[in-house]
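Everything on this sheet refers to the single structure shown next.
In our numbering, the protein residues as written are 114 to 229.
Okay, structure coming up:
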């Protein structure tokens, strides 16, 4: 995301939140966009998997879908552009992308997988 695009997004988000809109907008946490944790309370089943941080992404995806059959896990490389909408049926598993280009079949989970 370019600096101008990021600045416009942040200003738009801040204006929306200041106007009293629901907290469905993304909140900024460091360089990453994350959803407010309270939104996950409206979803069924397990909500986050801290034990998978540092695990193999393929195994993490299988674990997430086995422990919460209401979600689909998607493995994404860190910094992949994504939408900021919140969905109870989605878990994004971010990886370091170590398999991209070397073909060893491994990708390490870099963020705690959670519903959203």
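Even glycine gets a Cβ: it sits at the ideal position worked out from N, Cα and C.
Contact check, residue i vs residue j, beta carbons under 7 Å
i, j, result
"residue 179", "residue 208", "no"
"residue 222", "residue 166", "yes"
Local conformation of residue i per DSSP, three classes
i, result
"residue 128", "Unreliable positioning characterises residue 128 in this predicted model, as indicated by a pLDDT of 46, which lies under 50. A coordinate reading is not provided."
"residue 184", "coil"
"residue 224", "coil"
"residue 189", "strand"
Alpha-carbon to alpha-carbon, residue j and residue i
i, j, result
"residue 155", "residue 186", "18 Å"
"residue 144", "residue 225", "For residue 144, the predicted structure reports a pLDDT of 39, less than 50, and the residue's modelled location is therefore unreliable. A value from the coordinates is still provided. Distance between the alpha carbons of residue 144 and residue 225 is about 15 Å."
"residue 188", "residue 160", "17 Å"
"residue 229", "residue 220", "21 Å"
Endpoints, beta strand (DSSP E) assigned at residue i
i, result
"residue 205", "203-208"
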